[in-house]
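Input: a single structure, listed below in structure tokens.
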Ligand code: CA
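In my numbering, the protein residues as written are 4 to 702.
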């Protein structure tokens, strides 16, 4: 064919437009300079969530408006960070359903449903529907499911390419995290520490075939069976008793960062299984590698270094929060740093070439330790915090000062933008026998009580967006936020910080000063971090709106105050641009569930107490602490089903609503249901007596 013929052929097929195709590989994901695509959970390997795009700035943002939106009627929790590749968006929704959206046509091109509820069956009781995202590598998407599968999906067609079971389905393990991709491999961990005897690990799989490449265990197994590697033998020296019978813990459900400069993974590790060290490791010990960052060689999965944030943890202070890489200048010297704000309330700056701690300071209210000794690298604990005498109230709670909602780092301002919380944690093992205690798989029991009766002992709950200088280890500004459970942040070269809020408002702030510049009412609590990208050279901001995550499950009244009653408001994907003026249809207003009071139901206090124990183990995760729903599942105090034993039996024991998300509990008896009935009616009467909670309208 002559060159002219080639040109005319090109003209003939010029519709539809052929756009540049990005090969999404290691070089593309490491590229901090391009801003059009958002290729990984934290945008790039650094997990900074910093975009170089700057059409939307502190000057122009006042012209930001809703450009278009997508209704997502079958969705519940939306907590994920979408990916954008060449004008296509990919995101995960409830139960790991994958959506592919053409950003030019503004419509869903395909969806992939891994059928999690069908496959998980009654195992779905240990995980909520949340999924934090997918990974993209060379034309394939990777998504992990609550029932423990890692699945490769063709990005063009939405067809499954391979599926690998990463967990033993008999064990109470689940996945809600986003996989990470590197050098033709995909890495995934799992969660499950609070619902049985669990042992944490991460596994790398071949992206082409799904074949396992390597696995690293976070805690040592039974020494009699031999250790998997030298790191396990080293870790075993920091454990006492027969920890392996309890699993040990260290689940890796979030906080996986690949470092292309050192070809390493930094793994943020989980808390103990169980939380209570008196049970887990009765002679004490640091219990490596719980609550730590472990650096692994990315090709082999072999141990390189570790830094433990909470030695001998006893409070669920895991280190599963995001790990952000940055080049910092500290005391005049360039440092290849990593930054980490785990649950325990300290902000850590670590030299990632060696694992050496540079600095650590408190970013919120912390009463379990006075400070971190920089010579030893260890926290200095405050006597009593470890509930040595049976009980203690400490800050933070098991929710942490910072949880998984990701922070962002802006190299222009030099600041990190962190969603933080202040909540009291109460821990008691009074009357428990550490020798005879054992976990019941698929039930919530961390080996220590964390509620006092039905409520936390004091109601202290507050939250902020904190701008933190990691070099000076100092607060620069903060903004008070509604409730406690607020989502992750995005920062941009336009001197902006963007964050949704628990009260459904989406805010943009000046990154240097914290001044609020713009806001939008999304009509439902927001639990996802926003992203920004460009299509055909134009900058957009997108945000998933769908209240979700653990904070709303456990925190009861703290999250119920927003009025996001179960599934009452629509779930959506919102996209914003400058000069756009689309209008979002109004959502049903916030509503606080109204408990049904049955005057003729006489609550038996003993039965109600038995019901409370059954509730904490089986129901809290979804229906909320103290039977107050934060919006994830129906509020049982206003639900009709528990009022009538036959209906209650159908739903709970027979599992009639399993495919709608209510797992079957076939091991519960009708006697248990009667106890639950008394507990729920007691909670309903209590709420009615106290007067209905009012919706907090926020600012
Ligand atoms: Ca935990």
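No residue lacks a Cβ here, since even glycine has one placed at the ideal position from N, Cα and C.
Here the structure is a predicted model, which is why all the values come from computation and not from measurement.
| Query | Result |
| --- | --- |
| Given 8 Å, three or more beta-carbon pairs between the segment 508 to 521 and the segment 386 to 395 | no |
| Residues near residue 614 by beta carbon distance below 6 Å, same chain, minus five either side | 678, 679, 681, 682 |
| Residue 260 CB to nearest heavy atom of ligand 1 below 8 Å | no |
| Contact check, residue 39 vs residue 103, beta carbons under 9 Å | no |
| Range of the contiguous beta strand (DSSP E) that encloses residue 374 | 372 to 376 |
| Contacts around residue 340, its chain only, beta-carbon distance under 8 Å, and the 5 residues preceding and following it disregarded | 328, 329, 330, 331, 333, 352, 353, 354, 355, 361, 473 |
| Residue range of the beta strand (DSSP E) that includes residue 2 | Because residue 2 is not part of the residues shown, which for the chain are 4 to 702, the question remains open. |
| Exposed unless 16 or more other CB atoms sit within 10 angstroms - verdict on residue 647 | exposed |
| Secondary structure, alpha helix (DSSP H): runs of 4+ residues fully inside the segment 323 to 406 | none |
| Residue 273 beta carbon near ligand 1 (any heavy atom closer than 8 Å) | yes |
| Simplified DSSP assignment, three categories, for residue 259 | strand |
| Residue 589 - DSSP class collapsed to helix/strand/coil | coil |
| Residue 401 Cβ short of 8 Å to ligand 1 heavy atom set | yes |
| Buried versus exposed call for residue 343 [16 or more other C-beta atoms within 10 Å across all chains shown] | buried |
| Per DSSP, the bridge partner or partners of residue 275 | 252 |
| Distance between beta carbons of residue 255 and residue 289, contact taken as under 8 Å | Not really, about 18 Å apart at Cβ, beyond 8 Å. |
| Residue from 590, 268, 694 whose Cα sits closest to the Cα of residue 600 | 694 |
| Chain-order list of residues whose beta-carbon lies under 6 Å from that of residue 408 (same chain, five-residue window excluded) | 422, 490, 491 |
| Same chain only: Cβ atoms within 7 Å of residue 129, ignoring 5 sequence neighbours per side | 175, 177, 195, 198, 445 |
| Secondary structure, beta strand (DSSP E): runs of 3+ residues fully inside the segment 406 to 437 | 411 to 413, 418 to 426, 428 to 431 |
| Cβ contact check for the segment 92 to 108 and the segment 623 to 640: 3 or more pairs under 8 Å | no |
| Contact set for residue 299: own chain, Cβ-Cβ below 7 Å, skip 5 residues either direction | 219, 267, 268, 270, 305, 306, 307 |
| Residue 1 versus residue 201 - alpha carbon distance | Any answer about residue 1 is impossible in this case: the structure gives the chain only from 4 up to 702. |
| Cβ-Cβ distance between residue 70 and residue 98 below 9 Å | no |
| Beta-bridge partners of residue 502, as assigned by DSSP | 492, 510 |
| Any non-hydrogen atom of ligand 1 closer than 8 Å to residue 321 Cβ | yes |
| Contact between the segment 276 to 284 and the segment 205 to 221 (3+ Cβ pairs under 8 Å) | no |
| With 16 other Cβ atoms within 10 Å as the buried cut-off, status of residue 666 | buried |
| Residues near residue 563 by beta carbon distance below 8 Å, same chain, minus five either side | 595, 596, 627, 631, 632, 633, 634, 638, 696 |
| Residue from 575, 547, 687, 645 with nearest C-alpha to residue 602 | 687 |
| Closest residue to residue 495 among 438, 571, 29, 417 (Cα-Cα distance) | 417 |
| Where the beta strand (DSSP E) through residue 481 begins and ends | 477 to 484 |
| Residue 586 burial status per 10 Å Cβ neighbour count (16 or more: buried) | exposed |
| Endpoints, the alpha helix (DSSP H) within which residue 663 is located | Counting along the chain, residue 663 falls outside any alpha helix (DSSP H), and DSSP gives it neither H nor E. |
| Within 9 Å, strictly: CB atoms of residue 54 and residue 535 | yes |
| Cα-Cα separation, residue 216 to residue 191 | 12 Å |
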